[in-house]
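Each remark here refers to the structure printed beneath this line.
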Amino acid sequence: MSAAMRDKQAGLLLDEPLIFERSRSGQAGIDVLGGEGGEECLPIELRRGAIDGMPEVSEPEVVRHFLRLSQWNLSAATTFYPLGSCTMKYNPIANEAAARLPGFANLHPLAPDELAQGALELMAELQDMLAEVSGMDAVSLQPAAGAQGELTGMKMIRAYHLDRGDSRRTVLIPASAHGTNPASAALCGYEVQQLAGNSLGVVEAESVRRAMGPHVAALMITNPNTLGIFEREIAQVAEIVHAGGGMVYLDGANFNALMGVAKPGHMGADVLQFNLHKTFSTPHGGGGPGAGPVGVRQVLADYLPNPRIVRDGDLWRWSGAAPKSIGRVRSFHGNFGMFVRAWAFIKALGGDGLMRATQMAVLNANYVRARLEKTYHLAVKGLCMHECVLTDKHLEPTGVKTLDVAKRLLDHGFYAPTIYFPLVVQGALMIEPTESESLETLEQFIAAMEAIAREAVEDPDAIHAAPTLTPVGRLDEARAARNPVLRWRAS
Amino acid sequence: MEFPDDLKYSREHEWVLVEGSVATVGISAFAESQLGDVVFVELPAVGDSVSKDEAMGVVESVKAVSDVYSPISGTVLEVNDDLPESTELVNDDPYGDGWMVKIEMTDVTDLDDLMDAEEYQKFIAESEG
Amino acid sequence: MRFLPQTDESVRSMLDVVGVERVEDLFRDVPAELRATAAVDLAPGLPESDALRRLGELAGRNASAQPNSLSFLGAGAYPHFVPAAVDNLLQRAEFYSAYTPYQPEVSQGTLQAIFEFQSMVAMLLGLDVANASMYDGASATAEAALMALRVQPQRARLVVARSLHPQYRDVLTTYLQGVRDTEVVEVGFGDDGRIDPAALRQLVDKRTAAVIAGTPNFFGVIEDVAALSAVARDSGALLVTATAEAMSLAAVRSPGELGADIAVAEGQSLGVPMSYGGPGVGLFAARDRHVRSLPGRLVGEAHDTGGRRGYVLTLATREQHIRRERATSNICTNQGLIALAVTIYLSLAGKHGLAKLGALNLQRAHRAQAAVAAAGAWKPRFSGPFFNEFTLRGVDVAAALRRARDAGVVAGVALGEWYPELDDSIVLAVTETHTDADIGRLAEVLSR
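Chains as they are written, first to last, in the numbering used here: chain E, 231 to 721; chain U, 1024 to 1152; chain R, 53 to 500.
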């Protein structure tokens, strides 16, 4: 970045206190007419006066406050945001308009079915489209997020075994798995037995054969795995697990690599979760809301959450009658607002378009890998899928670590890739460009990475001090954790 | 990185100082360097019994959490009350002010499974490779 | 395809660099049998205009698109006015297209907003500390139960109010499957619609980890939280409260102030459209001494080397990405953008706006109940205090609701599905969005 740019940037970023620090006595950002004396409807011991500490700020100041805060964020819309396994693709703006149509936005979840036919039909169509893309037999849209989808899937597997009088206690999970996998398994009362992958991170049939036994309820596997490699032995692995009476859970977080390329339902998966906020373009929102629908093979369909959408003559209806269902995981019907967006995305691309998106995502990741493999150590050699994993190994003589590379990238105006995940790779830097990035953007990112590699040799201290161009520098997280301050308090 | 000669070491990276039937336990310099800045320590209570190779406490940094295992069986005589407030002692002085627990041992032969400083350093080198 | 910026030329040159002939060759590690069956059989992609037309048609078939349709449905989702500024600010791409703030230096917008959210939630619920949000009120309730069991590992019993929202109880049941043997016991409600503290005392003992009650409950009745808290405390159990209508916190003394140890709520009422039930946001607050057992993300204050104040995700070692199977929860996303909506809404409404909205909701709902009762066919079912939701007893509920619907009014939710003994009753909500004319229409359709 040029010196001129650096100076300009500082002038555009305005400082902003906490909203409470903007409060001035008596101010409010909305006007309310009526209601005087309403509090007398409550017995006096239940009445709450105005809440001290809640903001007292006028509307223009509230707007200014949040506008300024927004300017302190890097976002996927602003810049390349190559977080591995997060799939930070473009969030189509038309989807936002669609979700806000009053017919969708203002619909009460308990509206009688006849008065919600549009919503029900959209959901039924989305279920069918997700089933088609994944090769699964049935879908529930209820889980509110990927992690909740995983929990739902594992609860269904548990119900399946209990239904057979089978009290298996163990779940096999690769060491490379996302932390939600063992956490979800543990929440169902399972013990986790870790599987090692080979040098590609791939789960080998032989290791599953050795681990499989009558105590194993399921194998959880991510495909492609968290090193960006296709689990090439997955069909054999699934067969071994099935032969032993277990079920196969597929973590669908990396589904962006599979559309039109390989269907989970055909590779032996019994259940998977879809992350609508990853593959299907709904916005990440700074940490949610997501949506984690689950798809299942017929063998698990009885256990899907209640209620389900059924066809009753000419109408769509909710039916809560399925007796073997695991029950509910979320109130009402799931994150409907995200269904509208995902539906719109799938419709915009169509079958061929989804495959093209996967192809471009995988091409972009391979291009970054191929261009950086002379400069950075690759965790895995050869073709990758939608993401590639580098490490800081060759930077060792300089003392510059993965964390430092990530922080220096921020100074170049890029969001950093995922760092230190998967845990099985030392100093991992996981880069997932997605299909939304042009060649020009990739070249800019590659140039920044190469510049950092050079700077590591020439001026490692500058990298250790990074980021220096951001609104704040590295924050003392240890002190923050020792003496946590988790809220504002009036002094 | 220091590994005092007068201490014994466990495979889980605890150190033990033996004085008669009393063992003082903490975590080694290797453990604290792996963890990074320690932000939270959970210790057993005085009077608790502890068992060889079972978890008796927890130590947390910003990015990791680790069980602290007891290298021997016995009863907790004393815990380091300074630690909860000053967790940085574990990083700054792991063998001194960063000590964690004093245990009255029930079976001195438990110590036979521990390593001396030289063996421990070799053990670290081998597991790092 | 408008979302894909690659050109034939750029694809060609990238393939050359990667060292493969065709795009298909990138997938040579995928077994041929899988590739052969992977074609996605969906209609070709639609231009934006066509997609929006179809979506408009679908949206048009829902009640909320009909001009004269009037609804008094509550039962866990509530119609409230959302100022235009909330949605406008939510459409800042810097907010909605950002990720979880793992790189805090470039995420201070998100992090500071969450810190403000945590502060406001703690104030609303009357407790020390709040997390960065959960999926919804129902899962927040389930997570609160799991937390109570975690902080008291020797206790394995939960006493759950029958008057707690049925869906919250369902989700709790699902979450408890497979967790160490937990005994769940139900406590009922009296003629006032509230839990009888004496009845509760019979059920709470030294094995009880927590009492879980909704307030206002499914019938709209506000529980005597102080009395319930005393009963729980006497046996060393925690009191968990769940508030489905967060707007009630504007007018009713907070659960924390009245003795709740963990308080959760559904935040949809505070700046979030109902959207057929989701996305919403779960509010979760507890006392300082339990902070390390909290599920979900937490944002804390921090400083950089220059002494600048900033915010970071903190106490992350509780969470799944570090603790893995020993995490306090498996939650990964929170409801970031929805929590932001609540934060913006509460910033606009603030201390004074909230107090006025609380009073207005109380006034509208009590006026509506009086108007319907005066019309003669329906009577209040419970005598307990209520905020903006209440239960009425009538005759032939199904027929009455059908007649109302024929007149364009969805008058409420029939209770018989979950409470057979209340099959003569409906529960309905009246908010600041209902005018005097709307209330007149309600009284009219319920007078027949």
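Ideal Cβ positions, reconstructed from N, Cα and C, are used throughout, including at glycine.
Shown here for K554(E): same chain residues with a beta carbon closer than 6 Å to its own, the five before and five after excluded, namely D532 and Y533 in chain order. Interface with chain U (8 Å Cβ-Cβ cutoff): E275(E) is excluded.
For R560(E), none of the residues of chain U pass the 7 Å Cβ criterion, the least Cβ distance being about 29 Å. Note on S1084(U): 16 or more other CB atoms within 10 angstroms of its CB, so buried under the neighbour-count rule. What T1110(U) touches in chain E, judged by beta-carbon distance under 7 Å, is R712, going in chain order. Looking at A145(R), H418(R) and H132(R), the one whose alpha-carbon comes closest to that of G272(R) is H418(R). In terms of beta-carbon proximity, Q301(E) lines the interface with chain R, with at least one pair separated by less than 8 Å. With 16 or more neighbouring CB atoms inside 10 Å of its own CB, A415(E) falls in the buried class.
Under the criterion of beta carbons closer than 8 Å, G388(R) and G518(E) qualify as touching, at roughly 4 Å. For E1077(U), no Cβ of chain R is located within less than 8 Å of the residue's own Cβ. The DSSP-derived three-state label of I459(E) is coil. Runs of the beta strand (DSSP E) lying entirely within the stretch 169–248 of chain R and spanning at least 3 residues, in chain order: 209–213 and 235–239. In the three-state reduction of the DSSP assignment, E380(E) falls in the helix class. At a cut-off of 8 Å between beta carbons, H132(R) makes no contact with chain E. Where V524(E) is concerned, the enclosing beta strand (DSSP E) starts and stops at V524 to V526.
For K1125(U), the enclosing beta strand (DSSP E) starts and ends at V1124 to M1128. Secondary-structure assignment with DSSP links P432(R) through a beta bridge to L444(R). Counting C-beta atoms within 10 angstroms of its own C-beta, K258(R) has fewer than 16 neighbours from the protein chains shown and is therefore classed as exposed.
Contacts with chain R at 8 Å (Cβ-Cβ) do not include S437(E). When the alpha-carbon of I249(E) is set against those of P373(E), R298(E), L272(E) and E351(E), the nearest one is in R298(E). By the neighbour-count definition (other C-beta atoms within 10 Å, threshold 16), N505(E) is a buried residue.
Contiguous beta strand (DSSP E) elements confined to the stretch 384–464 of chain E occur at 400–404, 421–425 and 446–452, taking only those with 3 or more residues. Across the set G283(E), L608(E), S370(E) and E270(E), the C-alpha of S370(E) shows the shortest separation from the C-alpha of N565(E). Interface annotation, T487(R): not in contact with chain U, CB-CB separation never under 8 Å. Nearest Cα to A495(R) within the set V462(R), M299(R), V75(R) and D476(R): V462(R).
As the crow flies, the alpha-carbon of Q424(E) is around 20 Å from that of T369(R). Secondary structure at M1138(U): strand, using DSSP grouped into helix, strand and coil.
With fewer than 16 neighbouring CB atoms inside 10 Å of its own CB, G264(E) falls in the exposed class.
In this structure, DSSP gives G334(R) an extended state, which the three-state scheme calls strand. Only E1083, S1084, V1085, K1086, A1087 and V1088 from the stretch 1078–1098 of chain U bring a Cβ to less than 8 Å from some Cβ of chain R. Chain U has no Cβ within less than 8 Å of the Cβ of T357(R). Neighbours of Y471(R) across chain E, judged by C-beta separation under 8 Å, do not exist; the nearest C-beta is about 15 Å away. Residue ranges of uninterrupted alpha helix (DSSP H) with 4 or more members, entirely inside the stretch 549–626 of chain E and ordered along the chain, are 566–602. Contacts with chain E at 8 Å (Cβ-Cβ) do not include G272(R).
Within the model, the alpha-carbon separation for S215(R) versus D244(R) is close to 12 Å. Straight-line measurement puts the Cα of R704(E) at about 18 Å from the Cα of G629(E).
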